[in-house]
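Encoded as structure tokens, the structure appears first; notes follow it.
Chains as they are written, first to last, in the numbering used here: chain W, 1 to 625; chain U, 626 to 841.
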């Protein structure tokens, strides 16, 4: 009986315990499987239809905008169509690209110099009166170089550099409103000139930052170094050129105003404010013209300590990354990446502070403007603000790396009105003509660093993600995911009708001394051990069909594609040799070979051209010595 | 019979009235566009050639579309089937066509000034013969291009006749062949000659009848 009582007592207690647990579970519900912010926009069927209609470019139809996206350490520029986000073409710039034979022929090899890589970051379209004019695209590279791409044929035409004293050219190629200058700067301060030794613990005292202006010829686009300015050993990061009331000034952000070394993620993040430097480039140009400056590394470097009045520091919190000038040039927007605010400076206030010498100190002789005197607003945008692009009606769009979102706010009223999540960790963003004097609105592309889970698994090397956002209405709407080539830093989006690209090189423009336009003129000439082969490429023969040379000869092939028909490209692959050239219709390219081994080596057309493409072949016959 | 000959002879010898002379002047003027504008146009479409390839045949030259590029493209494609290149040197027509058109202009003008009905009959007949011969010559040219294919051609196709008037599917190409402005001008000139002839004949006949009713 006692046992029975005990049992029932225990079972009663057990039941009560189960009840308690069940009750607690009911109250607590389940642990969420996704964060509250996780939403896959757009979700409603009607939203999906709208997004599909807005991004669908029917077969045969053309996109509304070109987007030129930097290829980061791939060294290339990728061209996308917006709104379809289709990859239209790759423009090889700093790295060889066998697809177009870039880096294999004599000219492009010479242009690449001793590098086969470059870390391309910030493309800049040429401007006239602050608007894109569709002539050239410039892009920087970390090894101190800038390239110019001609938008008539989408080809890299010129690479200058490595420019003396510039070390880690990240803050580049921001362009002035009439394409007068492109900016360059040192992200990694070093002792200058290059080749100078100084131990790391002498960093603060002997390492130097440099900013440079590269002059652009208004007719040809040809680039030359204009001037260099000596700056403190901060990490010079990103810039923009002024326009309107701020025209004549370059703005460039710096982190590590601590002048620290070692573990920078800690040592360079101590101060609450770092700087944006304002450089009056018209004054710099004048100083350079007057022959001022000290010769360092073979070029004249202007020292603001000796030439006061053209360089000023604007305090900006904290570890600023992007600095962007508003379309009217009235506001300078700096984003401290380790702060939750974006700081807006007023150009009139900056000029007044300079006039009134409203300074709070100096850094290596460069006056520091009083923060409170030049600031208009600190906009509460969210965590990790990086870059700002603009739309019409004073709308501003700022990327938030930490929050992984784009925030929309208004210049002047500083109200924050909307936020759209990005997948994931957005860096730069590019709006339709969003850094010009007249932004179009309409489209905004978030250039994201991470894409995980948004695409079919492709192994650990994940593609980057570029997301298209519709900004034509009050609420921003994510309408398309694209997975872009590594690694889009900045991009430029230009209305398609501003670019007038040719489809073939007109015969009458080909002035190449080795060009031949008739198969009758093709052939081999010899001078000592120098052999020149003038070859004609046309459907479906490479003339001459056989070339006999002697071991030890130096052979130059000049390949002329005499086609004048769109899309009739011909390739030239030479087996067992590192030769892979592609010649566009109307173009002549050369490559030179030291034939140091005998044998018979087939050459053939690599770029499928016609029904008898497979027959387009020949032999290089090398006779032993 | 004798009376018919006499009547015809009288009509043929009678001078042209103002109406027929005006029409002859019109025919002369119509020869001008025939000299400077294309006679015939060949148009070719294929999946790879959505914009089409065009060839304009003038009385004195060939002109490819797209600034002459289309002629090169057509020749380039035709070399695969062993067709001869379309080159101006092969067209003897380019020598005698402008000469003939110019000569007709002079003959028309002569008729305007000094013409009789008989003379009008002569130039009309000659002009119709010239037009017919030119058309035959053009068709024959097309035939010989389509039938004289090199035996070493990469792609063997049976000899073919390209269209002279209308459309035809040749391999992957839709080929169209139609007269252009110059041919229409020549046609209009022929029509003007016919009208002048009808008008002149009727006037002369009526004049003869009226004369016959006189004192004789």
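Where a beta carbon is used, it is the ideal one built from N, C-alpha and C, also for glycine.
The structure presented is a predicted model; accordingly, all values stated were derived computationally and were not measured.
Check your understanding: So what does DSSP say about residue 452(W), is it helix, strand or coil?
Key -> Here residue 452(W) corresponds to residue number 452 of the first chain, with the count starting at 1. It is coil, neither helix nor strand.
Practice item. Can you give me the start and stop residues for the alpha helix (DSSP H) that residue 49(W) sits inside? Key: One-based indexing of the first chain puts residue 49(W) at position 49. Element bounds for residue 49(W): 45–55.
**Study point:** residue 611(W): contacting residues in chain U (beta-carbon distance under 9 Å)
**Key:** For the purposes of this step, residue 611(W) is identified with residue 611 of the first chain, where counting begins at 1. Going along chain U in sequence order, the residues near residue 611(W) (Cβ under 9 Å) are 705, 779 and 780.
Practice item. Count the other CB atoms, across all protein chains shown, that sit within 10 Å of the CB of residue 839(U); report buried if there are 16 or more and exposed otherwise. Key: The count along the second chain starts at 1 and reaches residue 839(U) at position 214. Here the model assigns residue 839(U) a pLDDT of 41, short of 50, so the residue's position is not dependable and the matter cannot be decided.
Review point. Applying the criterion that 16 or more other CB atoms from any shown protein chain within 10 Å of the CB defines a buried residue, is residue 622(W) buried or exposed?
Key: Stepping through the first chain from its first residue, residue 622(W) is reached at position 622. Buried is the call here.
Exercise for review: Taking residue 539(W) as the query, report the chain U residues whose CB atoms sit under 7 Å from its CB, ordered along the chain.
Suggested key: As a first step, residue 539(W) is located in the first chain; it is residue number 539 there, counting from the start. Going along chain U in sequence order, the residues near residue 539(W) (Cβ under 7 Å) are 701.
Check your understanding: According to the Cβ coordinates, are residue 371(W) and residue 319(W) closer than 8 Å?
Key -> Locating residue 371(W) in the first chain gives position 371, counting from the first residue. Locating residue 319(W) in the first chain gives position 319, counting from the first residue. Not closer than 8 Å, so no.
Exercise for review: Find out if the Cβ-Cβ distance for the pair residue 75(W), residue 121(W) is shorter than 8 Å.
Suggested key: Within the first chain, residue 75(W) is the residue found at index 75, counting from 1. Within the first chain, residue 121(W) is the residue found at index 121, counting from 1. No, they are not a contact pair.
Exercise for review: Closer than 7 Å, Cβ to Cβ, to anything on chain U: give me those residues from the region 538–571 of chain W, in chain order.
Suggested key: 539, 564 and 565
Exercise for review: For residue 128(W), count neighbouring Cβ atoms within 10 angstroms of its own Cβ and tell me buried if that reaches 16, exposed if not.
Suggested key: Position 128 of the first chain, counted from the first residue, corresponds to residue 128(W). With fewer than 16 other Cβ atoms within 10 Å, it is exposed.
Review point. Under the rule that 16 or more other beta-carbon atoms within 10 Å means buried, what is residue 77(W), buried or exposed?
Key: Taking the first chain and counting its residues from 1, one reaches residue 77(W) at position 77. With 16 or more other Cβ atoms within 10 Å, it is buried.
Review point. Is residue 277(W) near residue 313(W), with beta carbons less than 8 Å apart?
Key: Within the first chain, the letter at position 277 stands for residue 277(W). Within the first chain, the letter at position 313 stands for residue 313(W). Going by C-beta atoms, residue 277(W) is nearer than 8 Å to residue 313(W).
Point to revise | Under 8 Å between C-beta atoms of residue 253(W) and residue 321(W) | key: Working through the first chain from its first residue, we reach residue 253(W) at position 253. Working through the first chain from its first residue, we reach residue 321(W) at position 321. A contact, by the Cβ cut-off of 8 Å.
**Study point:** Top-ranked residue by Cα proximity to residue 673(U), from 754(U), 626(U) and 799(U)
**Key:** Counting from 1 along the second chain, the entry for residue 673(U) is found at position 48. Nearest of 754(U), 626(U) and 799(U) to residue 673(U), Cα basis: 799(U).
Review point. Alpha carbon to alpha carbon, what distance is there between residue 745(U) and residue 642(U)?
Key: Along the second chain, one-based indexing puts residue 642(U) at 17. Along the second chain, one-based indexing puts residue 745(U) at 120. Using only the alpha carbons, I get a separation of about 12 Å.
Review point. Helix, strand or coil: how does DSSP classify residue 148(W) here?
Key: Translated into the one-based positions of the first chain, residue 148(W) becomes position 148. Strand, per DSSP.
Practice item. Can you give me the Cβ contacts of residue 307(W) inside the same chain, cut-off strictly under 7 Å, excluding the 5 residues immediately before and after it? Key: As a first step, residue 307(W) is located in the first chain; it is residue number 307 there, counting from the start. Excluding sequence neighbours, residue 307(W) sits near 287 and 292.
Check your understanding: What is the rounded straight-line gap between the Cα of residue 632(W) and the Cα of residue 99(W)?
Key -> No answer is possible for residue 632(W): the residues shown for chain W start at 1 and end at 625.
Review point. Quick one, are the C-beta atoms of residue 589(W) and residue 554(W) less than 8 Å apart?
Key: In the first chain, counting from the first residue as 1, residue 589(W) sits at position 589. In the first chain, counting from the first residue as 1, residue 554(W) sits at position 554. Contact: no.
Check your understanding: Using 8 Å as the Cβ pair cut-off and three pairs as the minimum, do the region 415–427 of chain W and the region 377–395 of chain W touch?
Key -> yes
Review point. By Cβ distance below 8 Å, which residues in the same chain neighbour residue 686(U) in space, the five residues on each side in sequence not counted?
Key: Within the second chain, the letter at position 61 stands for residue 686(U). Closer than 8 Å at Cβ, skipping near neighbours: 713 and 719.
Check your understanding: Do the region 784–797 of chain U and the region 597–609 of chain W touch if we need at least three Cβ pairs shorter than 8 Å?
Key -> no
Check your understanding: What's the gap between the Cα of residue 393(W) and the Cα of residue 124(W)?
Key -> Here residue 393(W) is taken as the residue at index 393 of the first chain, counted from 1. Here residue 124(W) is taken as the residue at index 124 of the first chain, counted from 1. Distance between the alpha carbons of residue 393(W) and residue 124(W) is about 23 Å.
**Study point:** Three-state secondary structure assigned by DSSP to residue 552(W)
**Key:** What you label residue 552(W) is simply residue 552 of the first chain in a count that begins at 1. Residue 552(W) falls in the coil class under three-state DSSP.
Check your understanding: Among 488(W), 466(W), 485(W) and 324(W), which residue has its Cα nearest to the Cα of residue 478(W)?
Key -> Mapped onto the first chain, residue 478(W) falls at position 478. Residue 478(W) has its Cα closest to that of 466(W), out of 488(W), 466(W), 485(W) and 324(W).
Exercise for review: Please look up how many angstroms separate the CB atoms of residue 251(W) and residue 323(W), rounded, as I've assumed it's under 8 Å.
Suggested key: Residue mapping note: residue 251(W) aligns to position 251 of the first chain, counting from 1. Residue mapping note: residue 323(W) aligns to position 323 of the first chain, counting from 1. The Cβ separation is near 5 Å, so the contact holds.
Exercise for review: Quickly, what does DSSP pair residue 273(W) with across the bridge? List them, please.
Suggested key: On the first chain, residue 273(W) is found 273 positions in, with the first residue counted as 1. Residue 273(W) is bridged to 317(W).
Point to revise | Within chain W, partners of residue 794(U) - CB distance below 9 Å | key: Here residue 794(U) is taken as the residue at index 169 of the second chain, counted from 1. Simply none; closest approach about 18 Å.
Exercise for review: Look at the Cβ atom of residue 444(W), then the Cβ atom of residue 389(W), and state whether they are nearer than 8 Å.
Suggested key: Position 444 of the first chain, counted from the first residue, corresponds to residue 444(W). Position 389 of the first chain, counted from the first residue, corresponds to residue 389(W). The answer is yes: Cβ separation under 8 Å.
**Study point:** Own chain partners of residue 481(W) with C-beta closer than 7 Å, once the 5 adjacent residues on each side are dropped
**Key:** For the purposes of this step, residue 481(W) is taken as the residue at position 481 of the first chain. Contacts found: 454, 465 and 467.
Check your understanding: Cα separation between residue 375(W) and residue 432(W)?
Key -> Position 375 of the first chain, counted from the start, is the residue given in the question as residue 375(W). Position 432 of the first chain, counted from the start, is the residue given in the question as residue 432(W). So the alpha carbons of these two residues sit roughly 28 Å apart.
**Study point:** Contact the region 693–709 of chain U vs the region 564–578 of chain W: 3+ CB pairs below 8 Å
**Key:** yes
**Study point:** At least 3 beta-carbon pairs within less than 8 Å: the region 470–477 of chain W vs the region 516–527 of chain W
**Key:** no
Exercise for review: Check whether the Cβ atoms of residue 233(W) and residue 259(W) lie closer than 8 Å to each other.
Suggested key: Here the question's residue 233(W) lines up with position 233 in the first chain. Here the question's residue 259(W) lines up with position 259 in the first chain. Result yes, Cβ atoms of residue 233(W) and residue 259(W) sit closer than 8 Å.
Check your understanding: The alpha helix (DSSP H) with residue 492(W) in it runs from where to where?
Key -> On the first chain, position 492 is the one that residue 492(W) refers to. Careful: residue 492(W) lies outside any alpha helix (DSSP H), inside the beta strand (DSSP E) at 491–495.
Point to revise | residue 608(W), buried or exposed, once every other Cβ within 10 Å from all chains shown has been counted against 16 | key: The sequence position of residue 608(W) within the first chain is 608, counting from 1. Exposed, since its Cβ has fewer than 16 Cβ neighbours within 10 Å.
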